[in-house]
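Read in order, the letters of the sequence shown correspond to residues 11 to 277 in my numbering.
Backbone N, C-alpha and C define an ideal beta-carbon position, used for all residues, glycine too.
A quick note: this is a predicted structure, and the numbers were derived from the prediction, not measured.
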Amino acid sequence: MKKLENYTNALSTLTYFVNTSIIGDIIDKPETENEEPFRLFYTILLKSNNGLDTCSLLLANYSDRPHHVDSLIVILRSLISDCVIFRYLLAKSDHDNEKLKANIKSLYFDHIQYTVVGLEKYFKDIHDFSDAEIQNKIDEIKTARPDFYDSNGKPIVKHLSTSVRYALQEMAKKVTTASDKQEIQSFYHHYDIYSKYEHLGEFSFKLIHQQYREETRYKLADEIVEAINRLIIPTMISTLGVWPDVRDKHKEKFKELFVKLLNAYKD
């Protein structure tokens, strides 16, 4: 499949450019590590680019090693999840920077709260912690994070759901154009299929054999390429809006490489 070989070469070239040029410029900025939304947007951009670079290697062996698709789809599911959350944060914040910062903080609270819940529910049986040891660990977590808990250990930040399906549903309620609705539907389609691929269940057997069947293997490749081209890379481009100088410096080269990527998979 010559066009897939051309595509993987173009994808590798694009991710190399992003990593050596764009990422290099962004990480040198002090706000990238210390301020929002720079910190989160950088994380999404870096994760996406690293993930796509790995995807290019796995796709390069699609014909000879179809079992690589298993790992490829797990990566894509994670990247699509990040892309949806990024877009949901923007939509929920109504283009207001202070709202965006508050929503990012609520997103970060997800990690902290799940850690606390995990301690409460599971550490006694799994790690043989006593009730006192569990409470000490929880107190340490809360005391170290006064931006998230008051002096009595009560949360002062509202949890933001990171459910991809919920985020897509909320965005779908507010879209005003057919193209925006189609984009949300595409996100849902890919996320739903890749999630079923990753988690064992009724559809697992059929899904994991797609790449081995002549009638489905190239359709699967088409869908993988579509997810990268239409969902993930446009989100990467969107994250650059928070660094307009970096975006403007590299936009022509990025556009050139992206167009080559799109053309590489054409018959």
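In the three-state DSSP reduction, residue 165 falls in the strand class (E or B). Across the structure, residue 241 and residue 91 are spaced so that their CA atoms are roughly 11 Å apart. Fewer than three pairs of CB atoms, one per stretch, sit closer than 8 Å, so the region 182-195 makes no contact with the region 149-165. Around residue 83, the same chain offers 204, 207 as residues with beta carbons nearer than 6 Å, after the five sequence neighbours per side are excluded. Annotation for residue 245: the continuous alpha helix (DSSP H) segment containing it runs 243-249. As DSSP reads the structure, residue 198 sits in no beta bridge. Boundaries of the alpha helix (DSSP H) around residue 22: 12-27. Comparing alpha-carbon positions, the option among 73, 53, 58 lying closest to residue 89 turns out to be 58. Comparing alpha carbon positions, the residue from 225, 271, 111 closest to residue 236 is 271.
Secondary structure within the region 37-74: the alpha helix (DSSP H) runs of 4 or more consecutive residues, fully enclosed, are 40-44, 48-70 (chain order).
A straight line joining the alpha-carbon of residue 257 with that of residue 120 spans about 30 Å. Only residues of its own chain outside the window of five on either side were considered, and among them 140, 141, 144 have a CB closer than 8 Å to the CB of residue 134, listed in chain order.
Residue 276 and residue 232 have their C-alpha atoms some 10 Å from each other. Distance from the CA of residue 173 to the CA of residue 196, rounded to the nearest whole angstrom, comes to 16 Å. Secondary structure at residue 207: helix, using DSSP grouped into helix, strand and coil. Contact annotation, residue 267 with residue 24: C-beta distance approximately 4 Å; criterion of less than 8 Å satisfied. Residue 218 is positioned such that its CB atom lies no closer than 8 Å to that of residue 65.
With contacts defined as CB atoms closer than 8 Å, residue 114 and residue 50 qualify as a contacting pair.
Look at residue 98 here: in three-state DSSP terms it is helix. Per DSSP, the unbroken alpha helix (DSSP H) holding residue 254 starts and ends at 254-274. Around the CB of residue 87, 16 or more other CB atoms lie within 10 Å, so the residue is classed as buried. In this structure, residue 97 and residue 226 do not form a Cβ contact; the two beta carbons are roughly 29 Å apart against a cut-off of 8 Å. It is roughly 21 Å from the alpha-carbon of residue 167 to the alpha-carbon of residue 180.
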